[in-house]
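Engineer: Residue numbers (the numbering used here), protein chains in the order written: chain A, 1 to 267; chain B, 1001 to 1264.
Idealized CB from N, CA, C, for every residue including glycine.
Predicted, not measured: the structure shown is a model, and the values here were computed from it.
Please read through the structure below; I'll follow up with questions.
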């Protein structure tokens, strides 16, 4: 196990170095991407301003709590975007269709992990600085007394959120093993994460249940953020851990099933 | 003319090649509407509001319903001129007896026509699921809405072509195209009605041409504009389209002199 983890970090280190060399050759692109992130945050701030000009709370949450939830969701998405998103999307867009998956399937390392980390975008990590800043600002301004125990469980759940989001992203692209071209699926998580940007009680009950169980995207952001602002619930923590392991198992099982259907460039 | 017709039909056929991919994208596209639907219902209810800047809840939900349809006509992902220049595939079209601009526009129209047509049943499903909150327009308003959307569609193509032609001089423009389109769509009122913007911010947004892509057509759909205002908008869109197109031609003509056909 330790040997595998060491191997993972060695490979990841090489891929990060390659990504750094690649990114440093396109400073204009990196700059524009960072501006894009800042623009997105600015637009969302205007949007929330409009919302809260008309209501004091949104599903019981004040402006700064909703802002925290939004920046936390962005943080999860940016982290994923920086490390694994492009690799995962490449599986759906090109690796399988063009037969490039051979390269990863034949390496003495887990192919699901290897393809996921194959194309890191280090410049996306820059966005995390703005998002963490916004999270700290909104947590301080929320007017809610946040204790040490809240912060501890929040960080604990944050780690599981990142892992769960990764597994959900993997599950969404697995159909690409059966369908010739499935680029639209790479947009699926971008859309689904929109559900996580608002307090879950905004949505009708059937949607809330579906998005907490069948495809638990709400769990990814809402559970950790509620744990930060309100007394931690044991049920939330246990559920988060169980659901992460369950979807991890599902992702791995479906990946192996998909791999059996892979027949190189002809697939 | 016949060659362009053949080209257009081929583009349409090309779009039908990957059906699963396409059907999935239709489903994904409905998510934005249902989130906005749930969100604004709660805002009106919790704030005990009847109107936000002349928009009732019904108007607001209708706004997002029409927005979800107009997003099908958003062209940024359907123009490939920049990619062709950057990759060198541009040479294939350059040596053929046709206008690069015309086939770029035909590519876009073909793809968008197909996407838009197949979205009609999806929008019917959305309408049925939220019909209590969606208003349908009177026939004259609907016709003027269609004309406005078509004019705005060409304005958006002309705007995008400028950035694609910049690839000749500045290389890959993907990130810039994404950035400018994202900004343009925000300024257009695709995220919320521009009428919701407070004070000077609202005035600035309304001075820009981008409002004609989402906000103005939907105001027409909702019957919030009189014929005089509508005709003025049409004139404004046509003028902006000509301006954008002229800028594109200048950038293109200067840029093509730098093209070496080698790609990246």
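For residue 1132 of chain B, count neighbouring Cβ atoms within 10 angstroms of its own Cβ and tell me buried if that reaches 16, exposed if not.
Structural biologist: So residue 1132 of chain B counts as exposed.
Engineer: Can you grab the Cα-Cα spacing for the pair residue 267 of chain A / residue 227 of chain A, in whole Å?
Structural biologist: Because the pLDDT at residue 267 of chain A is just 45, under 50, the model does not fix this residue reliably, and the value given afterwards should be weighed accordingly. When rounded, the distance between both Cα atoms is 45 Å.
Engineer: How about residue 1072 of chain B and residue 1119 of chain B: are their beta carbons less than 8 Å apart?
Structural biologist: Contact flag set, yes.
Engineer: I'd like to know whether the C-beta of residue 73 of chain A is nearer than 8 Å to at least one C-beta of chain B.
Structural biologist: So, not an interface residue.
Engineer: In whole angstroms, what separates the C-alpha of residue 190 of chain A from that of residue 253 of chain A?
Structural biologist: If I take the Cα positions, the gap works out to 24 Å.
Engineer: So, is the C-beta of residue 195 of chain A closer than 8 Å to a C-beta in chain B?
Structural biologist: Taking Cβ atoms only, chain B reaches closer than 8 Å to residue 195 of chain A, which makes this a yes.
Engineer: Who are the near neighbours of residue 130 of chain A in its chain, counting only those whose CB is closer than 7 Å to its CB and skipping five residues on each side?
Structural biologist: Closer than 7 Å at Cβ, skipping near neighbours: 37, 38, 41.
Engineer: May I ask you to list, following chain order, the residues of the region 114-125 of chain A that have a beta carbon less than 9 Å from some beta carbon of chain B?
Structural biologist: Hits within the stretch: zero.
Engineer: Within the 8 Å Cβ cut-off, does residue 247 of chain A reach chain B?
Structural biologist: No, its Cβ sits nowhere closer than 8 Å to a Cβ of chain B.
Engineer: Taking residue 1028 of chain B and residue 215 of chain A to be in contact with their CB atoms under 8 Å, please state how far apart those CB atoms are, rounded to whole angstroms.
Structural biologist: That pair is no contact at about 13 Å.
Engineer: Taking Cβ-Cβ distances below 8 Å as the criterion, which residues of the region 1182-1201 of chain B are in contact with chain A?
Structural biologist: Flagged, chain order: 1182, 1183, 1186, 1191, 1192, 1196, 1197, 1198, 1201.
Engineer: Please report how far the alpha carbon of residue 1200 of chain B lies from the alpha carbon of residue 1055 of chain B, in whole angstroms.
Structural biologist: Each residue's Cα considered, the two are about 19 Å apart.
Engineer: If you measure between the beta carbons of residue 1037 of chain B and residue 1130 of chain B, is that distance less than 8 Å?
Structural biologist: Cβ atoms of residue 1037 of chain B and residue 1130 of chain B: closer than 8 Å.
Engineer: Suppose the cutoff is 6 Å on Cβ atoms and the five residues either side in sequence are ignored; what does the same chain contact list for residue 66 of chain A look like?
Structural biologist: Around residue 66 of chain A: 58.
Engineer: So, at 7 Å on beta carbons, what are the nonlocal neighbours of residue 1261 of chain B in its own chain, with the 5 sequence-adjacent residues on each side left out?
Structural biologist: Once the five neighbours on either side are set aside, the close Cβ partners of residue 1261 of chain B are 1088, 1091.
Engineer: Report the residue ranges of all alpha helix (DSSP H) runs contained in full by the region 159-194 of chain A; include only those spanning at least 4 residues, in chain order.
Structural biologist: Taking only runs of at least 4 residues, the alpha helix (DSSP H) segments lying wholly in the region 159-194 of chain A are 188-192.
Engineer: When you compare only the Cα positions, how much space is there between residue 81 of chain A and residue 208 of chain A?
Structural biologist: Rounded to the nearest angstrom, the two C-alpha atoms are 25 Å apart.
Engineer: Residue 1241 of chain B and residue 1158 of chain B - do their beta-carbons sit closer together than 8 Å?
Structural biologist: In this structure, residue 1241 of chain B lies closer than 8 Å to residue 1158 of chain B by Cβ.
Engineer: Would you please verify whether the beta carbon of residue 1123 of chain B is less than 8 Å from any beta carbon of chain D?
Structural biologist: Structure shown: chain D not included; protein chains present are A and B.
Engineer: Measuring only the C-alpha atoms, how far is residue 142 of chain A from residue 12 of chain A?
Structural biologist: Distance between the alpha carbons of residue 142 of chain A and residue 12 of chain A is about 38 Å.
Engineer: Determine whether the Cβ of residue 1068 of chain B lies closer than 8 Å to any Cβ atom of chain A.
Structural biologist: It does not; no Cβ of chain A falls within 8 Å.
Engineer: Just by C-beta distance, which residues in the region 1105-1138 of chain B are closer than 9 Å to chain A?
Structural biologist: So the list is empty, because no residue satisfies the distance condition.
Engineer: Who are the Cβ neighbours of residue 121 of chain A in its own chain at under 6 Å, not counting the five residues just before and after it?
Structural biologist: Cβ within range, chain order: 82, 86.
Engineer: Flag this pair as yes or no: are the beta carbons of residue 53 of chain A and residue 185 of chain A separated by less than 8 Å?
Structural biologist: In this structure, residue 185 of chain A does not lie closer than 8 Å to residue 53 of chain A by Cβ.
Engineer: Flag this pair as yes or no: are the beta carbons of residue 1039 of chain B and residue 202 of chain A separated by less than 8 Å?
Structural biologist: Against a cut-off of 8 Å, the Cβ pair of residue 202 of chain A and residue 1039 of chain B comes out as a contact.
Engineer: Excluding the five sequence neighbours on either side, which residues of its own chain have a C-beta within less than 8 Å of the C-beta of residue 291 of chain A, listed in chain order?
Structural biologist: No information on residue 291 of chain A is available, as it lies outside the stretch 1 to 267 that chain A covers here.
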